[in-house]
Every structure is written in C-alpha cells, then in structure tokens.
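S.K.: Please find one structure pasted underneath; my questions will follow.
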Amino acid sequence: MPDVDQDFSPALASWITAPGEDPQNPLLRLSFELAAPPVSARLLVTGLGSFRAALNGAEVDDARLDPGLTDPRARIQVRELEVGALLHRGENVLGIELGRGFHAMTTPNVWRWHLAPWRGPVRAWAHLRMHLADGSSRAVATGPDWRTRPGPVAFDSMYEGETFAPAEDPEAWLLPGYDDSDWAPVLAASSRRGARRGGHGREVPEPLMVRQVQEPIREQEEITPEVVSSSPTRTVLDMGRVIAGWCRVELRADVPADDPPLLLVARHAEKLREDGRVDARNEHVHTDRFQEDRLRLEPGCARSFAPRHSYKGFRYVELEASPGDLARVQVTGILAHADLRPASTLSSSDPHVEAMDRAMRASLLNNMHHVPTDTPSQEKNGWTGDALTSLAAMTTGFDMRRMLRKWLEDQVDGQRDDGSLAVISPSPGWGYEELSPPRSGRACCRCCWTRWCASTGRRTSSLGTLRPRPGISPMSWADGTRTGWSPRCSATTSPPAARARPRRTGACRERSWSPTPCAAWPMRSSARHRPANRSHRTSPPRTRSAPTPPPSSRR
2 MPDVDQDFSP ALASWITAPG EDPQNPLLRL SFELAAPPVS ARLLVTGLGS
52 FRAALNGAEV DDARLDPGLT DPRARIQVRE LEVGALLHRG ENVLGIELGR
102 GFHAMTTPNV WRWHLAPWRG PVRAWAHLRM HLADGSSRAV ATGPDWRTRP
152 GPVAFDSMYE GETFAPAEDP EAWLLPGYDD SDWAPVLAAS SRRGARRGGH
202 GREVPEPLMV RQVQEPIREQ EEITPEVVSS SPTRTVLDMG RVIAGWCRVE
252 LRADVPADDP PLLLVARHAE KLREDGRVDA RNEHVHTDRF QEDRLRLEPG
302 CARSFAPRHS YKGFRYVELE ASPGDLARVQ VTGILAHADL RPASTLSSSD
352 PHVEAMDRAM RASLLNNMHH VPTDTPSQEK NGWTGDALTS LAAMTTGFDM
402 RRMLRKWLED QVDGQRDDGS LAVISPSPGW GYEELSPPRS GRACCRCCWT
452 RWCASTGRRT SSLGTLRPRP GISPMSWADG TRTGWSPRCS ATTSPPAARA
502 RPRRTGACRE RSWSPTPCAA WPMRSSARHR PANRSHRTSP PRTRSAPTPP
552 PSSRR
C-alpha cells in the first residue's frame with residue numbers, strides 16, 4: 002500500500018474560484034510557455050466539490066469524481082500525479098473543471114447536504130512542479146493569473162443529475178492556441194467556510210492537505226443495453242443488472258455534422274413501474290427531478306455526453322426525445338466504482354454458491370465511492386451501521402485498508418466535543434441527534450479492529466484520537482475486571498488479546514455499546530488502560546480470529 006501520510010503545504014498555491022456568489026461549473030485555465038519539455042513533472046491538484054484536470058487536452062488521470070468528500074474544515078485530500086509526458090515545448094495549457102459534488106449541493110434533501118456548515122463556492126487548488134534537463138525546476142500554481150468562464154454543465158447534482166448545454170466544443174478550451182481573451186480573471190478563495198475545527202471540534206488554524214487515501218473511482222466496464230420498450234418519443238433500456246455509474250450518450254457516426262441539435266432526457270432507476278416506465282420516486286430528495294440527465298448534443302461540435310460530476314444507481318434508463326431523434330443516438334452503460342483490488346476468489350462445485358458470491362461482490366462494489374455507502378441511488382451516504390453489518394464481506398472480498406482508513410479519519414474529524422459520532426460519515430451535521438449515535442460508534446471501533454487485522458505484519462499509522470462519550474460507564478468483565486475507553490492511542494503496536502466478552506453495565510443499558518476496549522482498537526493503549534492481571538502481547542496470535550462484536554442494531 003503506498004504511503005498516504007504525505008501532507009502538503011497550503012502555501013504552494015492559492016485557492017481560486019469564479020466570480021459570482023455561487024458559480025456553476027466554472028472552467029479554470031492557465032496558459033504557460035516552456036523552452037523545452039521537462040524531464041519529469043509532478044502535479045498536486047484538488048478541488049472543493051469535484052474536479053477534472055487536463056494538460057494540453059489530455060486528462061491527467063482517468064479517475065472520476067475526485068477528490069472524495071471530507072470535512073474541509075479539518076482535512077482536504079490532494080491528488081499527486083506524474084504528468085511529465087503530457088508537457089511539451091512551447092505553449093502548454095493546464096485546465097481544471099469544477100462540479101458541486103456534496104460540497105456545494107443545491108438540492109434540498111433530508112440529510113441537509115445543501116445546508117452543510119462548510120458549504121460555499123466550488124474552488125480549486127493546484128501546483129505543478131517541472132524538472133528540466135539542465136537540473137533547474139519551474140513551478141506554476143493556481144493564482145490571480147488564471148482565467149475563468151462558465152462551463153457546459155448548466156446544472157449538476159449528485160441526486161438530481163446533470164444538464165449539459167454546450168455553446169461550443171466542450172474540449173476546445175483545454176488546447177493550446179485557444180483564445181481566452183474574453184474570459185474573466187479568477188477570484189481568490191479561502192480553503193473552507195464555517196467555523197475552524199478539526200476532530201472533536203478542536204480549533205485548527207488551517208485544514209490539513211493530505212494525499213488522497215482511498216482508491217479513486219474509475220470506469221470498470223462498458224455495457225450494451227437491451228431495448229425493453231420503444232415508441233417514437235420514448236425508449237426504455239435494460240442494462241441487465243443494477244449498476245452504479247452513468248450512461249454515455251453519443252450521436253451515431255452516420256449523423257451529418259450539419260444536422261440540427263438533439264435534445265434528450267435520460268432518466269435512471271433500479272426498477273420499472275407497472276406501466277413500464279422507470280420508477281424514479283425518492284422520498285429523501287425534495288425535488289421533482291431525480292437521477293435525470295438533460296442534454297443537448299450538437300452534431301457539429303458536441304457529439305457525446307457522459308456525466309462528469311455525478312453518478313447514478315440504476316438498471317433501467319428511459320430516453321425521451323422528439324420523434325425520430327432517438328434513432329440518431331446510441332447509449333452505453335458505464336459501470337464505475339472505487340478501483341479496489343480483490344482480496345479473495347471463490348470457486349465451488351455448486352454454481353448457486355458462485356452466483357451468490359458474484360452477486361455479493363457486485364452489490365458491494367456498487368456502493369464503493371470514496372466511502373462504503375448504503376445505496377448508489379437513493380442516498381449515497383456512508384451509513385456506519387450499514388457498513389458494520391457488511392464489514393466482514395467487504396474485507397473478505399476486497400483490500401479495504403485504504404478506504405477504511407479514509408472513512409475512519411472522516412469519523413474522527415466528525416466527532417463532537419461530547420464524544421458523539423454521526424450515523425453517517427462524512428456528515429453535514431445531520432445524524433447526531435436524529436438517530437442514536439452510540440450504536441453508530443460501534444462501526445468506528447469495529448472498522449479500526451478490522452483494518453488492524455488486515456494490516457498485521459505491515460506498517461500502520463495513527464488514525465487519530467477518539468474521546469469517550471461522557472455518561473457511558475466503563476465496561477465490566479465477567480471476572481469483575483473493569484476497564485474503559487483508551488483516550489489516546491496509536492497503531493504502531495499490537496493490542497493485547499481480549500479477555501472475555503463484556504456485559505453491558507451502567508449507562509450502557511441505554512442502547513449504547515463500548516466494544517472490547519483494548520482488542521477492538523487497532524491502536525496502542527497505555528498501561529493504565531489494560532485489563533488487570535493480563536500480560537501485554539506485542540502481537541495477537543495469527544491463528545486467533547478477531548473478537549466477534551455484538552449483533553449490529555438496525556439503523
């Protein structure tokens with residue numbers, strides 16, 4: 002696993018955004034000259050919202066929806082990429098396109114993402130360091146010399162979908178020689194909005210800027226759908242199974258460049274209604290639009306569209322257009338999820354067992370988008386209780402160390418002064434009082450232990466510090482030994498072995514659970530927090546499985 006502990010200085014570049022109170026899909030562009038191509042070049046880039054970066058018309062990476070949501074008041078993830086092969090002598094162009102993601106959502110929803118305390122204009126931060134053949138180096142970074150204008154995506158929402166309405170070739174601005182004289186200067190922006198805070202609500206001068214921890218989201222498979230029903234103005238397509246991702250809509254090759262524009266609506270859903278149309282109902286998102294892309298394709302310049310700042314969970318796609326226009330397009334389903342490495346395979350003489358295993362893995366991957374989510378369509382939230390029930394399946398099927406680390410850091414960042422944890426993580430402030438937090442804390446502890454087990458014999462790093470929640474008494478062991486939460490821990494030393502399964506006492510009867518204290522933490526506990534009369538092992542026996550937590554509560 003690569004080193005993910007690298008921090009980057011915010012002073013390497015400035016945060017920039019576009020003019021306006023809440024700019025929509027700004028394009029940010031910088032043109033610069035090189036006397037000779039560099040030997041190597043390293044790009045650090047991130048955005049608050051989602052971003053897409055390109056050099057001279059070529060995307061710097063095939064990842065999608067970077068950098069992944071965090072609480073930007075505490076921590077911001079940065080992509081680090083080698084891009085020397087994309088630079089050349091003469092004019093070069095570095096371009097960044099921004100989307101809203103969960104950071105700047107406008108869609109009203111029950112979890113209040115549209116009211117997040119950090120919500121503000123989308124913005125970007127980038128630093129490009131180039132090493133030349135003569136041993137010198139040169140750097141360019143986001144700053145006042147960049148220029149901006151609105152992009153072709155007139156609307157984007159993780160829940161509602163995107164509206165694509167290009168006025169010209171949507172990729173032309175990324176190429177050298179493009180005339181940006183009518184573009185506006187960028188505006189300086191801060192790294193965050195809202196109260197300064199870190200884990201436990203502590204005051205911090207600036208958020209940490211860290212290398213992106215989890216695996217990026219990438220396109221995994223292209224699917225050719227089958228037609229379920231068709232009429233002159235409406236067609237319903239079937240992908241054959243539920244997937245997470247999006248659809249690429251293209252004009253057919255035989256459509257002439259001088260043909261009129263095509264207007265099309267693509268609605269996505271996991272099931273069909275009785276009348277054969279897609280069932281796009283959702284009680285959590287308070288708008289009439291849900292998982293719906295609206296696009297205009299121009300045969301002369303913009304012949305294809307694929308969402309850039311949202312994803313959907315769907316099996317069926319309903320296309321609606323003017324009579325005759327549906328015959329001009331072809332649709333391809335794109336499966337997209339975190340690029341996780343398989344940790345196991347299963348083969349059986351019983352094909353039903355293998356089919357169940359494939360279905361389980363597909364369902365899990367449909368929910369791997371920067372954090373383990375509950376559903377790729379209806380919510381897209383990192384429910385801690387949901388992940389608790391599927392944690393064994395996740396870690397058995399895939400290498401989850403990096404994603405679990407990112408998610409655990411999200412939970413530490415979101416812990417309040419009273420020790421409470423939200424039931425979804427990251428959280429915009431929802432899930433502390435609305436549901437019972439103590440049971441969601443079990444997921445954090447269990448994920449710590451599971452990640453430690455997966456990293457045994459390898460280097461692990463401190464994930465931060467969790468505080469005990471006031472009012473939750475220490476646990477009582479069956480033999481009368483009492484112990485409590487470890488207020489300061491590190492992952493550099495193995496925990497001692499568990500003694501016996503604890504029973505609930507005191508305030509723990511109030512539907513709260515403090516798991517086996519020392520064994521449940523992938524961290525070092527100080528001597529005063531070890532169970533009495535037990536010797537400390539430097540590593541647990543490899544033949545012993547992780548202690549079994551109590552049955553998870555339904556959320």
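Numbering (the working numbering), first residue to last: 2 to 556. The beta carbon of each residue, even a glycine, is placed where N, CA and C say it ideally should be. Predicted model, so just to flag it, every value in this text is computed and none were measured.
1. With three or more C-beta pairs closer than 8 Å as the rule, is the segment 116-134 touching the segment 423-431?
2. Per DSSP, which residues does Q215 bridge with? Please list them.
3. Count the other CB atoms within 10 Å of the CB of V211; is the residue buried (16 or more) or exposed (fewer)?
4. Exposed or buried, which one is S232 when buried takes at least 16 other CB atoms within 10 Å?
5. Please report the distance separating the alpha-carbon of D375 from that of D260.
6. So, for Y433: in the same chain, excluding its five sequence neighbours on each side, which residues have a beta-carbon less than 6 Å away from its beta-carbon?
7. DSSP three-state call for C445: helix, strand or coil?
8. When you compare only the Cα positions, how much space is there between E207 and V46?
9. For D135, tell me which candidate among R80, G144, S41 has the shortest Cα-Cα distance.
10. Which one of F399, L29, L327 has the shortest CA to CA distance from T236?
11. Just to confirm, does M210 get its C-beta within under 7 Å of one of the non-hydrogen atoms of the ligand NAD?
12. Classify I17 as buried or exposed, calling it buried when 16 or more other Cβ atoms lie within 10 Å of its own Cβ.
13. Around the Cβ of H353, are there at least 16 other Cβ atoms within 10 angstroms (buried) or fewer (exposed)?
14. Could you give the residue range of the beta strand (DSSP E) that holds V354?
15. Are the segment 28-43 and the segment 143-162 in contact at 8 Å, needing three or more beta carbon pairs?
16. Here's the rule I'm using: 16 or more other beta-carbon atoms within 10 Å means buried, otherwise exposed. How should E275 be labelled?
17. Thinking just about the alpha-carbon of each residue, which of A189, M361, W114 is nearest to the one in A142?
18. Touch check for the segment 74-92 and the segment 164-174: three-plus C-beta pairs under 8 Å?
19. For Y317, list the residues DSSP reports as bridge partners.
20. Within the segment 105-177, note down every full beta strand (DSSP E) run reaching 3 residues or more, in order along the chain.
21. Which parts of the segment 54-86 are runs of the beta strand (DSSP E), unbroken and 3 residues or longer, counting only runs that do not cross its ends?
22. In angstroms, rounded to a whole number, what distance separates the CA positions of L389 and A444?
23. Quick check: the segment 213-229 against the segment 63-71, are at least 3 beta-carbon pairs closer than 8 Å?
24. Under DSSP, the alpha helix (DSSP H) around D411 begins and ends at which residues?
25. In terms of residue numbering, what span does the alpha helix (DSSP H) encompassing G398 cover?
26. Quick one: is S10 buried, meaning 16 or more other Cβ sit within 10 Å of its Cβ, or exposed?
27. So, are the CB atoms of E293 and S378 less than 8 Å apart?
28. Quick one: what's got a C-beta closer than 7 Å to P20's C-beta in the same chain, skipping five residues either side?
29. Exposed or buried, what is E161 when buried is set at 16 or more other beta-carbons lying within 10 Å of its beta-carbon?
30. According to DSSP, D375 sits in a beta bridge with which residue or residues?
31. Whose C-beta lies closer than 6 Å to the C-beta of V243 among residues of the same chain, with five residues either side of it excluded?
32. Could you check whether the segment 354-371 touches the segment 338-346, counting it as contact only if at least three pairs of C-beta atoms, one from each stretch, sit closer than 8 Å?
33. Would L133 and L95 be called neighbours here (beta carbons separated by less than 8 Å)?
34. Excluding the 5 residues preceding and the 5 following V111 in the sequence, name in chain order all residues of the same chain whose CB lies nearer than 7 Å to its CB.
35. Please state whether DSSP places R329 in a helix, a strand or coil.
M.R.: On the basis of the data shown:
1. At 8 Å Cβ cutoff, the stretches touch.
2. Here residue 215 refers to the residue found at position 214 when the sequence shown is read from its first residue. Its beta-bridge partners do not exist; DSSP assigns none.
3. The count along the sequence shown starts at 1 and reaches residue 211 at position 210. Buried is the call here.
4. Here residue 232 refers to the residue found at position 231 of the sequence shown. Exposed, because fewer than 16 other Cβ atoms sit within 10 Å of the Cβ of S232.
5. For the purposes of this step, residue 375 is taken as residue 374 along the sequence shown, with counting starting at 1. For the purposes of this step, residue 260 is taken as residue 259 along the sequence shown, with counting starting at 1. Between D375 and D260, the C-alpha separation is close to 43 Å.
6. Locating residue 433 in the sequence shown gives position 432, where the first residue counts as 1. Excluding sequence neighbours, Y433 sits near S421, A423.
7. Locating residue 445 in the sequence shown gives position 444, counting from the first residue. Correct three-state label for C445: helix.
8. Sequence index remark: in the sequence shown, residue 207 carries index 206 (1-based). Sequence index remark: in the sequence shown, residue 46 carries index 45 (1-based). The straight-line gap from Cα to Cα measures roughly 17 Å.
9. On the sequence shown, residue 135 is found 134 positions in, with the first residue counted as 1. Selected option, being the one with the closest Cα: S41.
10. The residue labelled residue 236 in the question sits at position 235 within the sequence shown. If you compare the alpha carbons of F399, L29, L327 with that of T236, the shortest gap goes to L327.
11. For the structure depicted, the ligand NAD is absent and the ligand set is empty, with no information on it obtainable.
12. In the sequence shown, the residue the question calls residue 17 occupies position 16. Classification of I17: buried, given that the 10 Å Cβ count is 16 or more.
13. The count along the sequence shown starts at 1 and reaches residue 353 at position 352. Exposed, because fewer than 16 other Cβ atoms sit within 10 Å of the Cβ of H353.
14. Counting from one through the sequence shown, the residue named residue 354 turns up at place 353. In the DSSP annotation of this structure, V354 is not part of any beta strand (DSSP E); the continuous alpha helix (DSSP H) holding it starts and ends at 352-366.
15. Per the Cβ contact rule, the segment 28-43 is in contact with the segment 143-162 (3 or more Cβ pairs under 8 Å).
16. The residue labelled residue 275 in the question sits at position 274 within the sequence shown. With fewer than 16 other Cβ atoms within 10 Å, it is exposed.
17. Working through the sequence shown from its first residue, we reach residue 142 at position 141. The residue with the shortest Cα to Cα distance from A142 is A189.
18. No, the segment 74-92 does not touch the segment 164-174.
19. Against the sequence shown, residue 317 aligns to sequence position 316. In DSSP, Y317 forms a bridge with D239, A270.
20. The qualifying runs are 124-132, 138-142, 148-151, 154-158, 162-165.
21. Qualifying beta strand (DSSP E) stretches, in chain order: 76-83.
22. Residue mapping note: residue 389 aligns to position 388 of the sequence shown, counting from 1. Residue mapping note: residue 444 aligns to position 443 of the sequence shown, counting from 1. Cα to Cα, the separation comes out at about 5 Å.
23. Here the segment 63-71 makes contact with the segment 213-229; the two share three or more CB pairs at distances below 8 Å.
24. Taking the sequence shown and counting its residues from 1, one reaches residue 411 at position 410. Here the alpha helix (DSSP H) through D411 covers 402-415.
25. Here residue 398 corresponds to residue number 397 of the sequence shown, with the count starting at 1. Taken as a continuous stretch (DSSP letters only), the alpha helix (DSSP H) holding G398 covers 385-398.
26. Here residue 10 is taken as the residue at index 9 of the sequence shown, counted from 1. By the neighbour-count criterion, in which a residue is buried when 16 or more other Cβ atoms sit within 10 angstroms of its Cβ, S10 is exposed.
27. Indexing the sequence shown from 1 puts residue 293 at position 292. Indexing the sequence shown from 1 puts residue 378 at position 377. Contact check for E293 against S378 fails: the beta carbons are separated by 8 Å or more.
28. One-based indexing of the sequence shown puts residue 20 at position 19. Excluding five sequence positions before and after P20, the CB atoms of its chain that fall closer than 7 Å to its own CB belong to A185, L188, given in chain order.
29. For the purposes of this step, residue 161 is identified with residue 160 of the sequence shown, where counting begins at 1. In the assembly as shown, E161 is a buried residue. Its beta-carbon has 16 or more other beta-carbons within 10 Å.
30. Numbered from 1 along the sequence shown, position 374 holds the residue referred to as residue 375. Bridge partners of D375: none, in fact.
31. The residue given as residue 243 occupies position 242 in the sequence shown. Closer than 6 Å at Cβ, skipping near neighbours: E271, R316.
32. Contact between the segment 354-371 and the segment 338-346 is present, with at least three C-beta pairs closer than 8 Å.
33. Counting from one through the sequence shown, the residue named residue 133 turns up at place 132. Counting from one through the sequence shown, the residue named residue 95 turns up at place 94. Taking a C-beta distance under 8 Å as the contact criterion, L133 and L95 do not qualify as a contact pair.
34. Counting from 1 along the sequence shown, the entry for residue 111 is found at position 110. Hits under 7 Å: H285.
35. Translated into the one-based positions of the sequence shown, residue 329 becomes position 328. Residue state, collapsed to three classes: helix.
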